Amino acid sequence: MTISVTLENTGRVPWRRRLAARLAVALARPLAALPPRRLRRALALASRGARPATVEQAAAARLAVVSVSVHCAGQGCLRRSVATALLCRLGGGWPDWCTGVRTEPFRAHAWVEVAGRPVGERDEIRHYRKTMVVPARP
């Protein structure tokens, strides 16, 4: 069995934004290792008092995260999505953080979305059924 692994293209990100992204990625690493229920609880706590993020904020956060972490730029969707949400939170916003599954072939995935639209994801995301969502809680 072969799996195609490609890294996402990254753009130029200002050094201050890269520093904040590194912090978000560092925080996301232990969070991504938590059991699902505890991860959901931790992210719900982080989303408290946040305004909903805009598509532009979420896309910029995602770009910054993949520009500082090879793991997040590759197959690390859980850490990437958690770090993206946390980076948005550092700016006062929160995208909807989601996980989901598809059955044929079976796959699990984690992503962020704004107003029901996935941010920075391929079209195949529409085949995933959401299993967990942590929305903004103003």
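So the sequence shown is residues 1 to 138, counted in this note's numbering. Every residue, glycine too, gets a C-beta built ideally from N, C-alpha and C. None of these values were measured; they are calculated from a predicted model.
Does the beta-carbon distance from residue i to residue j come in below 7 Å?
i	j	result
Ala28	Val82	yes
Ala61	Cys88	yes
Ala58	Pro95	yes
Ala33	Leu86	no
Ala20	Leu90	yes
Gly93	Arg51	yes
Val68	Arg18	yes
Quick check: what's the CA-CA separation for residue i versus residue j?
i	j	result
Leu39	Val133	11 Å
Val119	Gly74	16 Å
Arg22	Cys77	16 Å
Pro105	Arg126	14 Å
Arg12	Arg37	36 Å
Glu113	Ser47	14 Å
Thr54	Ala108	25 Å
Arg102	Thr131	10 Å
His122	Gly49	The sequence given here has Arg at residue 122, not His. Each residue's alpha carbon lies about 30 Å from the other.
Leu45	Ala110	18 Å
Pro30	Cys72	14 Å
Trp97	Ala115	11 Å
Pro35	Thr84	19 Å
Residues bridged to residue i by DSSP?
i	result
Trp94	Pro52
Ala64	Ala64 is not bridged to any residue.
Mark residue i as exposed unless 16 or more other C-beta atoms lie within 10 angstroms of its C-beta, in which case mark it buried.
i	result
Ala136	buried
Ala26	exposed
Arg117	exposed
Arg79	buried
Contained beta strand (DSSP E) runs [length at least 3] in the region 85 to 138, N- to C-terminal order: 96 to 102, 107 to 114 and 129 to 134
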